[in-house]
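Q: If you count by the working numbering, then the sequence shown holds residues 4 to 59, one letter each, in order. We put the CB at the ideal spot given by N, CA and C, even for glycine.
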Amino acid sequence: MNWWQALILGIIEGLTEYLPVSSTGHLIVAQRMMMGNLTGQEKAAADCFAICIQGG
Numbered sequence: 004m005n006w007w008q009a010l011i012l013g014i015i016e017g018l019t020e021y022l023p024v025s026s027t028g029h030l031i032v033a034q035r036m037m038m039g040n041l042t043g044q045e046k047a048a049a050d051c052f053a054i055c056i057q058g059g
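1. Does DSSP put Gly39 in a helix, in a strand, or in coil?
2. For Tyr21 and Thr42, what's the separation of their Cα atoms in angstroms?
3. Once you ignore the five residues that flank Met37 on each side, which residues in its own chain have a CB closer than 6 Å to its CB?
4. Alpha carbons only, please: which of Gln44, Gln34, Ile54, Cys51 is nearest the one belonging to Leu12?
5. Could you check where the alpha helix (DSSP H) with Leu18 kicks off and where it finishes?
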């Protein structure tokens, strides 16, 4: 994951966190659109990043 991808995902998470819809769903869709199909290690890193920004 590049720094600009992390920045975009952080912005999406921040904007959708307070909406009455799933911010996690938006995050997953954005990850799939930007990064496509990921290998095992890349998917693990993307999941770890998603967990970290969900926490705060």
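A: Reading from the atomic positions:
1. For the purposes of this step, residue 39 is taken as the residue at position 36 of the sequence shown. If DSSP states are grouped into helix, strand and coil, Gly39 belongs with coil.
2. Here the question's residue 21 lines up with position 18 in the sequence shown. Here the question's residue 42 lines up with position 39 in the sequence shown. So the alpha carbons of these two residues sit roughly 31 Å apart.
3. Stepping through the sequence shown from its first residue, residue 37 is reached at position 34. Here Met37 has Gln8 as same chain residues with Cβ atoms under 6 Å from its own Cβ, once five neighbours each way along the sequence are excluded.
4. Translated into positions along the sequence shown, residue 12 becomes position 9. Of the candidates Gln44, Gln34, Ile54, Cys51, the one whose C-alpha sits nearest the C-alpha of Leu12 is Gln34.
5. Sequence index remark: in the sequence shown, residue 18 carries index 15 (1-based). For Leu18, the uninterrupted alpha helix (DSSP H) segment begins and ends at 6-19.
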